[in-house]
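Notes to accompany the following structure.
In the numbering used here, the protein residues as written are 457 to 769.
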């Protein structure tokens with residue numbers, strides 16, 4: 457089971473990197489070079505893209521480790537930094553996805569609220585505060601050695617079968633679960649309130665459609681990418697705590713948890729879907745124009761372009 461799980465993670469991470477890294481670079485270029493009007497939701501989308509790019513700088517080291525059958529070769533310090541960067545990406549992606557959903561909710565349900573009229577400068581300041589918070593509250597991972605000697609292997613993991621779980625790891629475990637549960641409730645709340653508002657008030661059709669697409673797309677990506685890891689991790693923890701004799705079941709669920717981490721990183725490859733469905737028509741047109749320019753210079757063939765659909769109207 458462990459070998460199958462390891463092979464699955466290698467394939468999954470490799471495909472995600474090959475698809476997600478070019479997508480993140482292209483999206484960053486569009487945001488930085490082509491966007492003229494930075495509304496609040498555009499600022500949040502840019503920060504999701506930035507978090508994705510930073511993730512793909514760390515994932516190759518995880519691929520190398522899985523190719524070596526979970527044997528870490530880069531030392532204790534880089535082990536901490538690598539897991540720290542991966543955790544920051546997860547936290548930042550979740551935070552900014554939630555920010556986009558709340559922004560869409562406010563635009564529809566409370567269009568006259570001061571927060572819904574946030575300026576680009578205020579959105580930049582809020583984004584900086586989110587990054588600062590994420591960076592600081594993940595620091596406990598840097599205070600403990602995360603490289604574990606298991607037989608002849610050196611395993612680099614924050615989730616491990618500790619005899620006595622260190623305080624820093626307990627904080628990490630709690631944060632891992634709360635980062636999923638709290639935003640999930642917010643996403644459900646935003647979805648329900650937008651649906652109720654649509655029934656009560658006649659609003660601009662395009663505005664409502666963008667809000668619905670944004671929240672629904674974020675919710676689907678969020679659940680697909682983050683629920684498997686939280687669910688399998690909690691089941692594994694339950695078995696270890698209340699049924700320590702069930703070694704085979706525990707091993708099975710831990711291997712499923714390792715596989716589910718591949719879904720966590722899938723978030724960064726799927727985020728371009730969020731950019732498309734959460735943005736205005738203007739951003740969609742910019743994407744199409746950029747693709748056409750790449751086609752002109754021979755970087756994208758006509759055959760590949762046809763797969764992307766027709767130009768937005």
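Even glycine gets a Cβ: it sits at the ideal position worked out from N, Cα and C.
Being a predicted model, the structure only gives us computed values, none of them experimental.
Simplified DSSP assignment, three categories, for residue i
i	result
residue 598	helix
residue 604	strand
residue 619	coil
residue 610	strand
residue 528	coil
residue 628	helix
residue 702	coil
residue 568	coil
residue 640	helix
residue 542	helix
residue 717	helix
residue 493	coil
Rounded C-alpha distance that separates residue i from residue j
i	j	result
residue 696	residue 704	11 Å
residue 540	residue 597	6 Å
residue 576	residue 549	20 Å
residue 688	residue 640	17 Å
residue 683	residue 636	7 Å
residue 496	residue 559	8 Å
residue 615	residue 488	37 Å
residue 552	residue 619	35 Å
residue 512	residue 556	22 Å
residue 742	residue 728	Per-residue confidence for residue 742 stands at a pLDDT of 46, beneath the threshold of 50, marking its modelled position as unreliable; the derived number appears in the next sentence. Using only the alpha carbons, I get a separation of about 14 Å.
residue 412	residue 566	Past the boundaries of the shown model lies residue 412; the chain is included only from 457 to 769, so the question cannot be answered.
residue 589	residue 673	25 Å
residue 646	residue 570	18 Å
residue 504	residue 676	16 Å
residue 531	residue 702	33 Å
residue 525	residue 533	20 Å
residue 460	residue 691	20 Å
residue 713	residue 585	31 Å
residue 610	residue 622	19 Å
Beta-carbon spacing of residue i, residue j below 8 Å
i	j	result
residue 561	residue 650	yes
residue 572	residue 499	no
residue 469	residue 718	yes
residue 711	residue 612	no
residue 643	residue 671	yes
residue 543	residue 594	yes
residue 528	residue 592	no
residue 546	residue 707	no
residue 680	residue 472	no
residue 508	residue 480	yes
residue 564	residue 664	yes
residue 483	residue 731	yes
residue 715	residue 464	yes
residue 725	residue 475	yes
Where the alpha helix (DSSP H) through residue i begins and ends
i	result
residue 441	Residue numbering for the chain in the displayed model covers 457 to 769; residue 441 lies beyond these limits and cannot be assessed.
residue 459	458-485
residue 580	576-593
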